[in-house]
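Student: Numbering-wise, our numbering comes out as the position in the sequence shown, counting from 1, plus 26.
Glycine residues also receive a C-beta, built at the ideal position from the N, C-alpha and C atoms.
Since we're looking at a predicted model, the values are computed, not measured.
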Amino acid sequence: MTDKNDRAGVPASGARARRSPSRQPLARSAERARADAIFLGRLRRHHDELRWLYMELYDNADMFGELVDQLRRFYDERPAALRALDERRERAGAWYRERGQLGMQMYIDNFAGTIAGVEGRLDYLERCGVTYVHLMPFLDTPADRSRSDGGYAVSDFRRVKPGLGTMEDLARLAERCHERGISLCMDFVMNHTSDEHEWARRARAGEGEYMSRYFFESRQDVIDRYTRDVPQVFPTTAPGHFTYLPELGQHVMTQFYPYQWDLNYRNPRVFNEMMYNFLFLANQGIDVMRLDAVPYIWKQLGTNCRNLPQVHTIVRMMRMISEVVCPGVVLLGEVVMAPVEVVPYFGTVEKPECHMLYNVTTMATTWSTVACRDTRLLRSQLEAVCALPRAYTFLNYLRCHDDIGWGLDYATLSGWGMEEVPHKRYLNDYFQGLVPGSTSRGELYNADPVTGDARFCATTASMCGVEAAALAGDDAAMDVALRKDVMLHAYLLAQSGLPIIYSGDELAQVNDYSYRDDPERADDSRYVHRGRFDWSLVGRANEPGSAQGRIFGALEELEGIRRDEAVFDADASVEIVDYSDPAILWIRRSAGGRTLEAVFNFSDDEKNLWMPGRARFTDLVSGDEGEFETFSLPAWDFRWYLRA
């Protein structure tokens, strides 16, 4: 039986049904016309330069035509919500430079088991103030973890590692993140593939089409020239540049590990297909693509195969391709090189390349400063960063998933009596806790017994002394360790750029030595700081006197201040004060007629310090106000003083 309301609804429903055939096609037609106009407008802006660069590199008009056709296909397939996000970000400008941005880096399995598990933990990430989540490599890799390089040996660019979930899970996580104002970052590993990738399997079977996507070589003189001219990436754990394949009687280039085959970007098919993978992943909702090992992607005999001009051509083309199809997506370059080689990856203001770059040198110099109680080199490097165009954006961090390499400015350090070999040895001894007075704990990585060179691995808390103090049950030492940890995070947040912390650092999580008992990980000491996230520590974040409560509460407060105060804007004026005491780092930020004096004590002693002049200041952390000219600063402490 039909009730009155149902009967009343029939004519209206029928009327809508009769009108819809005429209205819906018109609506779809208008929407299609608008989409066409947007795509063609973006393509028109970049087409000539993109074609010129492509033809300069490959001289292949057919392949360029295919590329443009595929750009249109990926644009058409881009979900409506992501297109709308692209348009909002185009209007907003450099959204990733907003002072409220805070990143967190994590391994999916360690943090929450699966991608769906991460979705279930978004409330916690919001509680942490996180607006940017870097999911460490999650694409399919060999089942044997000893051949996966922590996820960087990709065997399928369009498949999630089965134990972590599916592409559908990833797209849903991205959608849920976007609803909360959180962006997602992933690693785009473009330098090499796993030897289990379909291309590699078909190349190993002798298919010329796929062999041409890698570097196969049978001439020993060519291999010897590479060995002579090209530095080794891992001279101890993976020496050499080629791996012999007896079934082919040839060598294949493997600059990182024998199971990672270097891609041949001199082949336009490689570039095109990798761009299609890039756009496929962007269409799942990824907001930031971390371009892994960018400087290595172009190989040319007779060079050192690092930072070649063709690399910049490729990155510039990637920037234009993303601006045509998915302009809301950001390119983050991993360039672990000397500062003079890092900055060019920003491109120019007129022809930009990466949106952001890792501030690798400053990170390593920060820890050298901790060990030496001497900020002079750090001041010099921060001054160089401040002198760059403000549009150049760095991703700043205290530590990441990788080791810390001591690639410091030894030309400058030697002028102060710090020579490279003994200084590296001192730093590694200090952070292992082998130097008297050191409270750091950690392990060496890739130690070379011949040269004595090595890198270092540990969590931030363990490097600051939290682990040692806890094991000793020393409350006074714990106070110093936590103060040092908070001070370093305050220094991180006082820099211009996007700050990112590693999951667990917000709770002072210490080293995890259980990796030694896992045969597939025991040879890689980097797993000491890649331990599982300890969810039991989250409950302790509510305990004010606990280490977790003190760190979590302090970071929460500092991040809130940074969001609220205009002096932390990316476009604020920044200078490094040349203070007389080398243990003091002094950063001055100014915006809107207000000035922040951010002062950090990198020493074991309390300091009495002088302001530039007597004035009224507000301590942004305590809220205290007062007029003064001098102040005391405890060991490993900081002040954020705001002067109106």
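#1: Between which two residues does the beta strand (DSSP E) harbouring Glu-651 extend?
#2: For Ala-484 and His-555, which I take to be in contact (beta-carbon distance under 8 Å), what is that distance rounded to the nearest angstrom?
#3: For Ala-598, does the count of other Cβ atoms within 10 angstroms reach 16, so buried, or fall short, so exposed?
#4: Please return the same chain residues whose Cβ sits closer than 6 Å to the Cβ of Arg-399, not counting the five positions on each side in sequence.
#5: So, Ser-348 versus Val-355, is the Cβ gap smaller than 8 Å?
#6: Return the Cβ separation of Ala-624 and Ala-520 in integer angstroms, given the expectation that the two are a contact with Cβ distance under 8 Å.
#7: Quick check on DSSP: helix, strand or coil for Trp-612?
#8: With distances taken Cα to Cα, identify the nearest neighbour of Leu-668 among Pro-660, Cys-380 and Pro-638.
#9: On the DSSP letters alone, give me the boundaries of the alpha helix (DSSP H) that Glu-194 sits inside.
#10: In the DSSP output, which residue or residues are listed as bridge partners for Leu-524?
#11: What number of angstroms, rounded off, separates the C-alpha of Arg-109 from the C-alpha of Thr-438?
#12: With a Cβ-Cβ cutoff of 8 Å, do Ala-87 and Asn-217 count as a contact?
#13: Less than 8 Å between the beta carbons of Cys-352 and Leu-305, yes or no?
#14: Assign Phe-664 to one of three DSSP states: helix, strand, or coil.
#15: Residue ranges of each alpha helix (DSSP H) run of no fewer than 4 residues wholly in the segment 90-170, ordered along the chain?
#16: Of the choices Thr-644, Arg-206, Thr-395 and Val-94, whose alpha-carbon is the least far from that of Tyr-456?
#17: Would you kindly report the start and end of the unbroken alpha helix (DSSP H) that includes Arg-451?
#18: Would DSSP call Val-554 helix, strand or coil?
#19: Mark Glu-546 as exposed unless 16 or more other C-beta atoms lie within 10 angstroms of its C-beta, in which case mark it buried.
#20: Given a cut-off of 8 Å, decide if Leu-635 and Trp-666 are closer than it, judged by their beta-carbon atoms.
#21: Residue ranges of each beta strand (DSSP E) run of no fewer than 3 residues wholly in the segment 340-426, ordered along the chain?
#22: Does DSSP classify Met-216 as helix, strand or coil?
#23: Is DSSP giving Cys-483 helix, strand or coil here?
#24: Less than 8 Å between the beta carbons of Gly-459 and Arg-467, yes or no?
#25: In whole angstroms, what separates the C-alpha of Arg-425 from that of Asp-560?
#26: Determine the closest residue to Glu-152 out of Tyr-133, Asn-136, Gly-129 and Phe-164, with distance taken between C-alpha atoms.
#27: So, are the CB atoms of Ser-488 and Val-536 less than 8 Å apart?
#28: I'd like to confirm the pairing. Which residues does DSSP put opposite Gln-286 in its beta bridges?
#29: Three or more C-beta pairs closer than 8 Å, one from the segment 97-115 and one from the segment 369-382: is that the case here?
#30: What did DSSP end up calling Trp-225 once you bin it into helix, strand or coil?
#31: Please name the residue in Ala-229, Leu-165, Leu-403 and Gly-530 whose C-alpha comes closest to that of Trp-442.
#32: Only counting the same chain, and skipping five residues up and downstream in sequence, which positions put a Cβ closer than 7 Å to that of Leu-334?
#33: Per DSSP, what kind of secondary structure is Pro-335 in: helix, strand or coil?
#34: Could you tell me whether the segment 150-165 touches the segment 181-194, where touching means 3 or more Cβ pairs closer than 8 Å?
#35: Assuming Arg-228 and Val-296 form a contact by the criterion Cβ under 8 Å, report the distance between their Cβ atoms to the nearest whole angstrom.
#36: By how many angstroms is the C-alpha of Asp-429 removed from the C-alpha of Ala-231?
Tutor: Quick answer:
#1: 651-659
#2: 6 Å
#3: buried
#4: Ala-609, Phe-628 and Ser-629
#5: yes
#6: 4 Å
#7: strand
#8: Pro-638
#9: 193-205
#10: Leu-421
#11: 48 Å
#12: no
#13: yes
#14: strand
#15: 106-118, 134-138, 141-145 and 148-153
#16: Thr-395
#17: 446-457
#18: helix
#19: exposed
#20: no
#21: 356-359, 382-384 and 419-422
#22: coil
#23: strand
#24: yes
#25: 18 Å
#26: Gly-129
#27: yes
#28: Ser-220
#29: no
#30: helix
#31: Leu-403
#32: Trp-324 and Gln-326
#33: helix
#34: yes
#35: Actually they do not touch by this definition, with Cβ atoms about 14 Å apart.
#36: 36 Å
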